[in-house]
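Reviewing the structure listed below.
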Amino acid sequence: MSDQQVPEAIRTAVDDADVALGRLDDALAQIDDGDLHRAHRDGGWTVAKVCSHINMCSILWLGDIKRLESDPDLDFFFREEVGHDMVGYPPPTVELARKQLASTRRTLATAAAAISPEVLARTVTIPDLGTMTVEEWTPLIIGHAAGHTDQAFEIMRDREFGPEGI
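Written out as structure tokens, the structure is:
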């Protein structure tokens, strides 16, 4: 899509975000690592958490767009899927957690399976992990996510609330 085809509201939002993020970057250039990890005196997020949240919101939204491209029946996003699970938001119920897992399974089956050959061939670096193609990274990242099921089972066993056989 060329710049001329981008809706004005989106173009304005991108331009405004660029200005705001530029201001934040200028401020970050003037602080040290210790300051990055300080929260407001009344508590809450640190500057580092705010920066991470900004990054995750943006990346997750673009991922959601890819999900929409790959799954014509998708019409719902959970809060976490747009990077917004605010501090103090009510914790999820078992029903909501199960729906989230169902959504993740559907996304893996649709969007992960629809990665173009051009994107699969792209090389990507993940700091502290290495440099590989998207084709090489994808099974590792999906496996990492799926591996957290063992972590959930271990919590259930440790706290003695897990169903029989886990």
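So the number in this note's numbering is just where the residue sits in the sequence shown, counting from 1, plus 31.
Even glycine gets a Cβ: it sits at the ideal position worked out from N, Cα and C.
Just so you know, these numbers come straight off a predicted model, no measurement behind them.
As the crow flies, the alpha-carbon of Ile172 is around 13 Å from that of Gly161. Within the same chain, Cβ atoms closer than 7 Å to the Cβ of Ser101 are found at Thr141, Ala142 and Ala145, the five residues on either side in sequence being excluded. Taking 4 residues as the shortest admissible run, the segment 103-167 contains the following complete alpha helix (DSSP H) segments, listed from N- to C-terminal end: 125-141 and 148-151. Boundaries of the alpha helix (DSSP H) around Glu100: Val78 to Ser101. The Cβ-Cβ distance between Leu99 and Leu105 falls below 8 Å. Between Thr169 and Thr154, the C-beta gap is not smaller than 8 Å, which leaves the two residues out of contact. The alpha-carbon of Phe184 is positioned some 30 Å away from that of Gly75.
Per the coordinates, the alpha-carbon of Arg54 lies some 48 Å from the alpha-carbon of Gly193. Taking Phe109 as reference, the option from Ile186, Leu132, His71 and His84 with the minimal CA-CA separation is Leu132.
Here the alpha carbons of Arg42 and Glu126 stand approximately 38 Å from one another.
Distances from the CA of Leu139 to each of Asp95, Asp189, Gln36 and Leu59 were compared; the closest alpha carbon is that of Asp95. Assigned with DSSP and collapsed to three states, Ala60 falls in coil, not helix or strand. Per DSSP, the beta bridge partners of Ala70 are Thr77. Its chain contains Ala142 as the residues whose beta carbon lies nearer than 7 Å to that of Lys97, once the 5 sequence neighbours on both sides are disregarded; these appear in chain order.
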